[in-house]
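Residue numbers (the numbering used here): 6 to 198. Structure first, commentary second.
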């Protein structure tokens, strides 16, 4: 509906933007800054590397519950989100099991060197825009909150984004585990002695 409205009545875009609370724009600015920082090569601590996927998961769950919880669709939507996220995580790890080339883990500082990538920015924007457009759609058509098909489509979309984030985090976790195992092997211990 939103796409049709914007095509047929583009002047509505101004009204939609004007009625968007200021905190939403502040959140978007923060998320854009976070995503833009991912474009550059960087050193990231273990906690920070795993915090972003968790934060984006929280934003997705909040999006589902806030949109569909009052209409009783949240349970089904969260189940669909979990299935989609699990399937996409598995598929992404199957297609690319290792962290991107150039990604390193330093056990001494418990930090990663991660090459720059546009993927985190794209995923962050995908989650934000999904939440934003669902909010606009529900403001224009409140009955959509009770539409099980709409809830499932949105849940699967969130699941795709979160599954890709989870796969990225699991690749880093696997790199960390392999690095820790390599530094504690008997050969490595005797070589350092």
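All C-beta atoms in this analysis are idealised placements derived from N, C-alpha and C, irrespective of residue type, glycine included.
Contact between residue 174 and residue 117 is ruled out by a C-beta separation of about 11 Å, above the 8 Å threshold. Under the Cβ criterion (8 Å, minimum of three pairs), the segment 62-69 counts as touching the segment 124-140. Around the C-beta of residue 22, fewer than 16 other C-beta atoms lie within 10 Å, and the residue is accordingly described as exposed. Within the segment 62-140, the alpha helix (DSSP H) runs of at least 4 residues that lie entirely inside it are, in chain order, 79-100. In this structure the segment 95-104 does not touch the segment 155-164; the number of beta carbon pairs closer than 8 Å is below three. Taking residue 113 as reference, the option from 42, 51, 107 with the minimal CA-CA separation is 51. With contacts defined by Cβ atoms closer than 9 Å, residue 63 and residue 130 do not form a contacting pair.
The C-beta distance from residue 61 to residue 170 rounds to 5 Å, short enough to meet the 8 Å contact threshold. Separation of residue 15 and residue 159 (C-alpha to C-alpha, rounded to the nearest whole angstrom) is 24 Å.
Between residue 168 and residue 92, the gap from beta carbon to beta carbon is short of 9 Å. Rounded to the nearest angstrom, the gap between the Cα atoms of residue 73 and residue 42 is 32 Å.
When DSSP reads this structure, residue 47 sits in a beta bridge with 119.
DSSP places residue 158 in the helix class (H, G or I) of the three-state scheme.
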